[in-house]
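S.K.: Per this note's numbering, numbering of the sequence shown is gapless, rising by one per residue and ending at 453.
Where is the CB? At the ideal position from N, CA and C, for every residue including glycine.
For clarity, every value in this text was computed on a predicted model and none was experimentally measured.
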Amino acid sequence: MELIQKGHRLVADDRVDLYQHDENTLIGEAPGILRHLIEIRGIGIIDVMTLFGAGAVKQTNEVNLIVNLELWSKDKKFERLGSTEEIVNILDVGIPKITIPVKTGRNLAIIIEVAAMNFRAKTMGYNAAETFERNLEALIKENAQKGE
306 MELIQKGHRL VADDRVDLYQ HDENTLIGEA PGILRHLIEI RGIGIIDVMT
356 LFGAGAVKQT NEVNLIVNLE LWSKDKKFER LGSTEEIVNI LDVGIPKITI
406 PVKTGRNLAI IIEVAAMNFR AKTMGYNAAE TFERNLEALI KENAQKGE
């Protein structure tokens with residue numbers, strides 16, 4: 306709901322139907338019976354278009370990124386630098402996937418927004434993790450030369 310309140314649009318809630326638009330493009334949409342609906346535990350089913358208006362929903366959208374929300378566990382190692390990329394093959398189309406650990410107190414809406422912006426930056430040629438690694442390597446090399 307917070308993402309919708311921040312101006313993002315709902316395509317589908319728990320169930321997304323996918324179809325292949327072309328060789329490299331997947332499109333997602335809600336099944337007809339679920340279109341514009343979202344379930345909020347404790348409240349029930351709400352119609353996003355009725356409550357928030359037509360600007361809060363979208364019929365279909367290209368699938369560019371999979372965001373997997375997983376309960377945080379101290380025993381699981383989650384990506385920290387963002388330097389490795391997982392690709393999931395769906396209908397022979399490779400879709401990047403990130404896993405975000407879910408833990409009480411984390412603002413998931415903001416974290417998901419940042420994940421989407423970071424993904425977009427990568428598609429535009431900027432990768433913060435690669436920049437950090439290059440800068441770290443340069444600093445290590447510089448410090449090693451000073452110590453010789």
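#1: Mapping the DSSP letters down to three states, classify K451 as helix, strand or coil.
#2: Let me know if G353 comes out buried or exposed under the rule of 16 or more other beta-carbons within 10 Å of its beta-carbon.
#3: Buried or exposed for I343, going by 16 or more other Cβ atoms inside 10 Å?
#4: State the beta-bridge partners of G333 as determined by DSSP.
#5: Should A449 go down as buried or exposed, given a rule of 16 or more other Cβ atoms within 10 Å for buried?
#6: Taking all protein chains shown into account, do 16 or more other C-beta atoms lie within 10 angstroms of the C-beta of V407, making it buried, or fewer, making it exposed?
#7: Whole angstroms are fine: how far does the CA of G387 sit from the CA of L339?
#8: Using 8 Å as the cut-off, can you tell me whether the region 363-383 makes contact with the region 309-318, which would need three or more C-beta pairs spanning the two stretches below that distance?
#9: With a Cβ-Cβ cutoff of 9 Å, do I415 and I371 count as a contact?
#10: Is L374 closer than 9 Å to L413 when the C-beta atoms are compared?
#11: Less than 9 Å between CB atoms is the rule here; does N329 satisfy it with respect to chain B?
#12: Among G333, N329, N423, which one has its Cα closest to the Cα of D322?
#13: Write down the C-beta distance between I405 and G399 rounded to the nearest angstrom, noting that I regard them as a contact closer than 8 Å.
M.R.: Put simply:
#1: helix
#2: The identity of residue 353 in the sequence shown is Val, whereas the question assumes Gly. The residue in question, V353, is buried, as its Cβ has 16 or more Cβ neighbours within 10 Å.
#3: buried
#4: L323, N366
#5: exposed
#6: exposed
#7: 34 Å
#8: yes
#9: no
#10: yes
#11: This model lacks chain B altogether, as it is built from one protein chain only.
#12: G333
#13: In fact, because the Cβ distance is near 20 Å, the residues do not count as touching under 8 Å.
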